[in-house]
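Visitor: Structure incoming, see below.
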Amino acid sequence: MTGSSSTSPRSGRRSRRRGCRGSASTPRRKKELIGQFKNAGRVWSRGAEPVHVHDFRPDALGRAVPYGIYDLAHNRGTVYVGQSADTPHFAVDLVARWWAEAGQATFPEARELLILADSGGSNSARSRVWKQQLQEQLCDRHGLTVTVCHYPTGCSKWNPIEHRLFGPISQNWAARPLATWETLLGYLQATTTATGLTVRAALHDGAYRTGESVPDAEMAALNLTKHDVCPTWNYTLRPRATGVPDPATPGASRELVL
Numbered sequence: 012m013t014g015s016s017s018t019s020p021r022s023g024r025r026s027r028r029r030g031c032r033g034s035a036s037t038p039r040r041k042k043e044l045i046g047q048f049k050n051a052g053r054v055w056s057r058g059a060e061p062v063h064v065h066d067f068r069p070d071a072l073g074r075a076v077p078y079g080i081y082d083l084a085h086n087r088g089t090v091y092v093g094q095s096a097d098t099p100h101f102a103v104d105l106v107a108r109w110w111a112e113a114g115q116a117t118f119p120e121a122r123e124l125l126i127l128a129d130s131g132g133s134n135s136a137r138s139r140v141w142k143q144q145l146q147e148q149l150c151d152r153h154g155l156t157v158t159v160c161h162y163p164t165g166c167s168k169w170n171p172i173e174h175r176l177f178g179p180i181s182q183n184w185a186a187r188p189l190a191t192w193e194t195l196l197g198y199l200q201a202t203t204t205a206t207g208l209t210v211r212a213a214l215h216d217g218a219y220r221t222g223e224s225v226p227d228a229e230m231a232a233l234n235l236t237k238h239d240v241c242p243t244w245n246y247t248l249r250p251r252a253t254g255v256p257d258p259a260t261p262g263a264s265r266e267l268v269l
């Protein structure tokens, strides 16, 4: 199906600014071993801090799976740290958690949500589970119209979250071992920039299994509209449930960067 005029992350952001809509960005970030492991970078210190010579998983307290959400309008980042598999179900659970904990209260009139995301990983443009969970957890449950614009493969560095959120985070913990979960959260929450970036961080305890699939019948039941240009990367999901607000009703919107 076709019909939407927003065909790229940039054009989607422009159209939502004109219409008082919002957007968010979500990228993939490398997983981090928790323990006395070397972290790339340089830092002033009175002495060297001992770290493991090799990054062996058995030496770690666990493996952190950071998932970031960046609010473009307010320069606010949220990083949820999972401890299980990085799956599409995991990704949508965290977007929905962010909406319930922060987005809904900040934008009570929101009817539309623009998500800027990479084209691979847990929010892959080809993932059926990603689309199905967005439909169920955001569109049907909260009455949101969700537009997703994926950056093409190899273009994730143009995603605003890379240089506005994860760049400063990497600088903040450069050369410092992430010895404990509390240390990791502390570095995330202490990250700031001259432009006023604030970061909220929290652990996410959910357990996720890989290899989930969505049958053809469930995909056909999604209220999914593909855009005219690059339909694999750009699409809109609308509520199916009755009794939810009409997306055409005037109201604020939300822009997230994932």
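Just so you know, we're using the numbering used here here: the sequence shown kicks off at 12 and counts up by one.
Beta carbons: idealized from backbone N, C-alpha and C, even for Gly.
Between W169 and Y81, what straight-line distance do the alpha-carbon atoms span, to the nearest angstrom?
Guide: One-based indexing of the sequence shown puts residue 169 at position 158. One-based indexing of the sequence shown puts residue 81 at position 70. Their Cα atoms are separated by approximately 14 Å.
Visitor: Within 10 angstroms of the Cβ of R56, are there 16 or more other Cβ atoms? Answer buried if so, exposed if not.
Guide: In the sequence shown, residue 56 corresponds to position 45, counting from 1. A quick correction: the sequence has Ser, not Arg, at residue 56. Answer is exposed; the Cβ neighbour count stays below 16.
Visitor: Do you know offhand how far R29's Cα is from G154's?
Guide: Start at 1 with the first residue of the sequence shown, and residue 29 comes out as number 18. Start at 1 with the first residue of the sequence shown, and residue 154 comes out as number 143. Legend: pLDDT at R29 = 40, less than 50; position of this residue unreliable, no value from coordinates given.
Visitor: Unbroken beta strand (DSSP E) runs of length 3 or more, entirely within the segment 79–144: which are they?
Guide: Complete beta strand (DSSP E) runs here, min 3: 87–93, 123–129.
Visitor: Extract the residue ranges of the alpha helix (DSSP H) inside the segment 173–249, only unbroken runs of 4 or more that lie entirely within it.
Guide: Correct list: 178–183, 192–200, 227–231.
Visitor: Mark M12 as exposed unless 16 or more other C-beta atoms lie within 10 angstroms of its C-beta, in which case mark it buried.
Guide: In the sequence shown, counting from the first residue as 1, residue 12 sits at position 1. Below a pLDDT of 50, predicted positions are generally treated as unreliable, and M12, at 32, falls in that range; the measurement from the model is reported next regardless. M12 comes out exposed.
Visitor: Using three-state DSSP, classify P69 as helix, strand or coil.
Guide: Locating residue 69 in the sequence shown gives position 58, where the first residue counts as 1. Helix at P69.
Visitor: Spatial neighbours of G73 within its chain, please: C-beta separation below 6 Å, excluding the five flanking residues on both sides.
Guide: Taking the first residue of the sequence shown as position 1, residue 73 is located at position 62. The answer, listed in chain order, is I45, Q94.
Visitor: Could you tell me how far apart the beta carbons of T164 and G132 are, in whole angstroms, since I believe they sit closer than 8 Å?
Guide: Taking the first residue of the sequence shown as 1, we reach residue 164 at position 153. Taking the first residue of the sequence shown as 1, we reach residue 132 at position 121. Contact flag wrong, Cβ pair sits at about 11 Å.
Visitor: Are the segment 222–232 and the segment 110–122 in contact at 8 Å, needing three or more beta carbon pairs?
Guide: Not touching, per the Cβ criterion.
Visitor: Using 10 angstroms around the beta-carbon of D104, count the other beta-carbons present and answer buried if the total reaches 16, otherwise exposed.
Guide: Indexing the sequence shown from 1 puts residue 104 at position 93. Classification of D104: buried, given that the 10 Å Cβ count is 16 or more.
Visitor: Among G217, T89, L214, T247, which one has its Cα closest to the Cα of N234?
Guide: Stepping through the sequence shown from its first residue, residue 234 is reached at position 223. Minimum Cα distance to N234 is reached at T247.
Visitor: Is L199 closer than 8 Å to V210 when the C-beta atoms are compared?
Guide: Position 199 of the sequence shown holds residue 210. Position 188 of the sequence shown holds residue 199. Going by C-beta atoms, V210 is nearer than 8 Å to L199.
Visitor: Assuming P171 contacts S36 (C-beta within less than 8 Å), just tell me the rounded distance between them.
Guide: Numbered from 1 along the sequence shown, position 160 holds the residue referred to as residue 171. Numbered from 1 along the sequence shown, position 25 holds the residue referred to as residue 36. At roughly 5 Å, the Cβ-Cβ gap stays under 8 Å, so P171 and S36 are in contact.
Visitor: Which residue's Cα is closest to the Cα of E60: T206, V240, P188, A232?
Guide: Looking up residue 60 in the sequence shown gives position 49. For the residues T206, V240, P188, A232, the minimum Cα distance to E60 belongs to P188.
Visitor: Could you work out which residue in G178, V106, D129, K41 is closest to Q272 when comparing CA atoms only?
Guide: Because the chain is modelled from 12 through 269, residue 272 falls outside the range shown and cannot be assessed.
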